[in-house]
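Colleague: Per my numbering: the sequence shown ends with 292, consecutive numbering throughout. Below is the structure I would like to discuss, written out as structure tokens.
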Amino acid sequence: MMLDFTGRVAIVTGAGGGLGRQHALALAARGAKVVVNDLAAAQAVVDEIHAAGGEAIANGASVTDFAAVQAMVQQAVDAWGRVDILVNNAGILRDKSFAKMELADFQLVVDVHLMGAVNCSKAVWALMNEQKYGRIVMTTSSSGLYGNFGQSNYGAAKMALVGLMQTLSIEGAKNDIRVNCLAPTAATRMTEGLMSQAVLDALKPEAVVPAMLVLAAQDAPTRTILCAGAGTFEAAHVTLTNGAFIGIGADAPEQLAARLTEVTDRTGEQVPQSGSAQGTNEVGKAMAASGR
């Protein structure tokens, strides 16, 4: 069944080029009305959408400016009456090893990636709750999920978005607000000069778009991390092992060190539905050990 976005209103941040541009074009091609947000190149993408027969408007707000983001949401509401989809795509890179990184560059990347997504999500949250429908896609990264040399700032911000997704998906569930993460591998303005041409050709941004469309669709999952690149799609999970009860005796540190392999054994691990799963597992094992 074709994913149809007719009648839906979407905001895509960082949509002037690269991955964001492809997201905006794809949503518009499938019927969505799109706010194309970018600091510089939004209008060119809007013109592309208009030329293809779609509906779009440009917005130049910085995602780090909450008042400007609120005005962007109001712009969408004034034009089309609602906002159904938010794709938090805006981002920058300031790569250096942690030893050489200036704290200002760490803060800037966190402000754009994390707080930018927070600002945009907050600006649509009340509206989505009121209309009892919303789809929010956070752009995370393998650098956050698994680490990458020289990207402590970027990785920290991107993993923080997973935590944001986990809680917003719980809080939004009652009003059908579904929140997911997309971890793309794509050649964009941010990756120019970092990869060989052959690799860049394989990692076309268009190859990531199907995952975004699935996560933004009416039948989207929620609390899902989809990874996508070069036509391959995977899922990432934050899991909890079964662990082992060791107690709190004087030799607990030594016992833990001796049994660390058992504690980290991933056999039978779970994907918790909320943070309480950790405490439930720990207290359960403690009660079992004490015979209660």
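In this text, a Cβ means the ideal position worked out from N, Cα and C, and glycines have one as well.
Leu19 and Pro205: beta carbons closer than 8 Å?
Modeller: Counting from 1 along the sequence shown, the entry for residue 19 is found at position 19. Counting from 1 along the sequence shown, the entry for residue 205 is found at position 205. Result yes, Cβ atoms of Leu19 and Pro205 sit closer than 8 Å.
Colleague: Using the C-alpha atoms, what's the distance from Arg82 back to Gln278?
Modeller: Here residue 278 corresponds to residue number 278 of the sequence shown, with the count starting at 1. Here residue 82 corresponds to residue number 82 of the sequence shown, with the count starting at 1. Each residue's Cα considered, the two are about 38 Å apart.
Colleague: What number of angstroms, rounded off, separates the C-alpha of Leu226 from the C-alpha of Ala99?
Modeller: Taking the first residue of the sequence shown as position 1, residue 226 is located at position 226. Taking the first residue of the sequence shown as position 1, residue 99 is located at position 99. Roughly 32 Å separates the two Cα atoms.
Colleague: For the beta strand (DSSP E) that contains Ala228, what are its first and last residues?
Modeller: Here residue 228 is taken as the residue at index 228 of the sequence shown, counted from 1. First-last of the beta strand (DSSP E) with Ala228: 225 to 229.
Colleague: Kindly indicate which three-state DSSP category Leu145 falls into: helix, strand or coil?
Modeller: Position 145 of the sequence shown, counting from 1, holds the residue named residue 145. It is helical.
Colleague: Just to confirm, is the Cβ distance from Asn119 to Val69 under 8 Å?
Modeller: As a working note, residue 119 is residue 119 in the sequence shown. As a working note, residue 69 is residue 69 in the sequence shown. The answer is yes: Cβ separation under 8 Å.
Colleague: Helix or strand or just coil, what does DSSP make of Lys174?
Modeller: As a first step, residue 174 must be located in the sequence shown, where it is residue number 174. Lys174: helix per DSSP, three-state reduction.
Colleague: Specify the secondary structure class of Ile85 as computed by DSSP and reduced to three states.
Modeller: Reading the sequence shown from its first residue, position 85 is the one you call residue 85. It is a strand residue.
Colleague: Give the list of continuous beta strand (DSSP E) stretches no shorter than 3 residues that lie fully inside the stretch 26 to 85.
Modeller: Within the stretch 26 to 85, the complete beta strand (DSSP E) runs of at least 3 residues are 33 to 37, 55 to 59.
Colleague: Helix, strand or coil for Pro295? Go by DSSP, reduced to three states.
Modeller: Because the chain spans 1 through 292 in this model, residue 295 falls outside it and cannot be assessed.
Colleague: Should Pro221 be labelled buried (16 or more other beta-carbon atoms within 10 Å of its own) or exposed?
Modeller: Working through the sequence shown from its first residue, we reach residue 221 at position 221. Exposed, because fewer than 16 other Cβ atoms sit within 10 Å of the Cβ of Pro221.
Colleague: Just to confirm my understanding: we take Gly155, look at its own chain, exclude 5 residues before and 5 after, and list those with CB closer than 8 Å. What are they?
Modeller: Taking the sequence shown and counting its residues from 1, the one referred to as residue 155 is at position 155. Once the five neighbours on either side are set aside, the close Cβ partners of Gly155 are Ser141, Ser143, Gly144, Gly147, Asn148.
Colleague: Which residue or residues does DSSP assign as beta-bridge partners of Lys96?
Modeller: For this step, residue 96 is matched to residue 96 along the sequence shown. DSSP output for Lys96 lists Gln151 as bridge partner(s).
Colleague: Three-state secondary structure (DSSP) at Met159?
Modeller: For the purposes of this step, residue 159 is taken as the residue at position 159 of the sequence shown. Helix at Met159.
Colleague: Going by DSSP, name the residue or residues bridged to Cys181.
Modeller: Within the sequence shown, residue 181 is the residue found at index 181, counting from 1. DSSP output for Cys181 lists Met138, Ile225 as bridge partner(s).
Colleague: With 16 other CB atoms within 10 Å as the buried threshold, where does Thr185 fall?
Modeller: Here residue 185 corresponds to residue number 185 of the sequence shown, with the count starting at 1. Buried, since its Cβ has 16 or more Cβ neighbours within 10 Å.
Colleague: In this structure, does DSSP put Gln22 in helix, strand or coil?
Modeller: Position 22 of the sequence shown, counted from the start, is the residue given in the question as residue 22. Helix.
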